[in-house]
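Under the numbering used here, think of the first position of the sequence shown as 116, with each following residue one higher.
Every residue, glycine too, gets a C-beta built ideally from N, C-alpha and C.
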Amino acid sequence: MTSTRLTPTQRLRRMHDQLSAAYGPQHWWPAETPFEMILGAYLTQNTAWKAVERSLANLRAAGALTVDGLRSIPLDELQRLIQPSGFPTRKAPALKAFVDLLDAEFGGSLELLAASPTDALRRRLLSLPGVGPETADAILLYALGHPVPVADEYLRRIAERHRLLTPPPGRNRKGYNSLADLTRHAFAFDAAKNQARLFNEFHALTVAVGKAHCGRTARCANCPLAGDLSTGGLTRYD
Ligand code: SF4
116 MTSTRLTPTQ
126 RLRRMHDQLS
136 AAYGPQHWWP
146 AETPFEMILG
156 AYLTQNTAWK
166 AVERSLANLR
176 AAGALTVDGL
186 RSIPLDELQR
196 LIQPSGFPTR
206 KAPALKAFVD
216 LLDAEFGGSL
226 ELLAASPTDA
236 LRRRLLSLPG
246 VGPETADAIL
256 LYALGHPVPV
266 ADEYLRRIAE
276 RHRLLTPPPG
286 RNRKGYNSLA
296 DLTRHAFAFD
306 AAKNQARLFN
316 EFHALTVAVG
326 KAHCGRTARC
336 ANCPLAGDLS
346 TGGLTRYD
């Protein structure tokens with residue numbers, strides 16, 4: 116089989132292998148506990164990770180990086196602590212709503228939350244304020260260990276520039292779902308027990324190549340994925 120006959124899912128799977136060979140293991144998500152991962156998933160919305168780190172440091176110093184800590188901290192104090200990562204009047208009530216859900220339906224236990232079936236849990240998370248598909252999937256994958264792909268802006272840019280989907284995925288829920296489906300299919304033949312690890316690694320690798328090469332401007336020279344552009348019938352972007 117020549118490379119021109121590869122399907123988009125096969126090409127995406129090959130991208131994982133190429134990025135993994137180029138960058139090695141990424142060891143994501145950058146957090147010490149599942150609850151810290153959940154807070155990070157909320158705080159990183161529309162914000163650079165450096166700003167999230169400042170908010171997490173504030174929360175750690177205030178003893179609010181645990182379920183008990185976040186439950187007991189007053190809302191206005193929480194807003195002040197997460198100010199560095201922006202949108203505190205939206206993100207602080209959203210974090211409180213997550214803890215309310217945990218208390219009301221899962222006895223305050225992240226383990227019980229994680230034991231719920233994936234589809235039902237995803238729907239429940241999406242019903243919370245301030246939780247869109249990317250936040251829900253990041254929580255499911257990184258904090259709760261469910262095998263779901265995370266389709267972020269870096270992956271959307273790669274899919275658009277490499278013409279993996281027709282029409283190109285938009286920055287909306289439909290575009291997100293089409294990207295997530297493509298990623299799910301790309302890893303469908305991997306053993307089920309490995310899928311969470313692979314989705315985790317693939318997300319981290321696409322962020323790495325996005326930061327190094329495929330940001331708002333594509334810098335294709337020396338990019339590990341440059342060879343795939345000819346597969347998709349494109350010329351290089353630089
Ligand atoms: S920088 Fe170029 S080769 Fe690399 S992922 Fe983006 S479009 Fe593809």
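Check your understanding: If you compare alpha carbons, which of H318, L216, T346 is closest to G139?
Key -> On the sequence shown, position 24 is the one that residue 139 refers to. Closest option to G139, Cα to Cα, is H318.
**Study point:** As assigned by DSSP and simplified to three states, the class of A333
**Key:** Residue 333 sits at position 218 when you count from the first residue of the sequence shown. The answer is strand: DSSP assigns A333 an E or B state.
Review point. Which whole-angstrom value describes the C-beta separation of N315 and W143, a residue pair presumed to lie in contact below a C-beta threshold of 8 Å?
Key: Translated into positions along the sequence shown, residue 315 becomes position 200. Translated into positions along the sequence shown, residue 143 becomes position 28. Yes, they are in contact, since the Cβ atoms of N315 and W143 sit about 6 Å apart, within 8 Å.
Check your understanding: From A146 to Q194, what distance separates their C-alpha atoms?
Key -> Here the question's residue 146 lines up with position 31 in the sequence shown. Here the question's residue 194 lines up with position 79 in the sequence shown. If you take the alpha carbons of A146 and Q194, they lie about 21 Å apart.
Practice item. Please classify G178: does DSSP put it in a helix, a strand, or coil? Key: Mapped onto the sequence shown, residue 178 falls at position 63. It is coil, neither helix nor strand.
Check your understanding: Quick one: what's got a C-beta closer than 6 Å to N173's C-beta in the same chain, skipping five residues either side?
Key -> Here the question's residue 173 lines up with position 58 in the sequence shown. Excluding sequence neighbours, N173 sits near L196.
Review point. Buried or exposed: which applies to D343, given that a residue is buried once 16 or more other Cβ atoms fall within 10 Å of its Cβ?
Key: If you number the sequence shown from 1, residue 343 lands on position 228. Counting Cβ neighbours within 10 Å, D343 comes out buried, since at least 16 surround it.
Point to revise | Nearest residue (CA-CA) to V322, options Q141, P123, L121 | key: Locating residue 322 in the sequence shown gives position 207, where the first residue counts as 1. Of the listed residues, the one whose Cα sits closest to V322 is Q141.
Practice item. Compute the Euclidean distance between the alpha carbons of A258 and G155, then round it to the nearest angstrom. Key: Taking the sequence shown and counting its residues from 1, one reaches residue 258 at position 143. Taking the sequence shown and counting its residues from 1, one reaches residue 155 at position 40. C-alpha separation (whole angstroms): 10 Å.
Review point. How would the residue list near the ligand SF4 read, in chain order, if you kept each one whose beta-carbon is closer than 6 Å to any heavy atom?
Key: I273, R276, H277, V324, H328, C329, A333, R334, C335, C338, L340, A341, L344, Y352
Exercise for review: Spell out a yes or no on whether the segment 237-246 and the segment 264-279 are touching, meaning 3 or more CB-CB pairs, one atom from each, closer than 8 Å.
Suggested key: no
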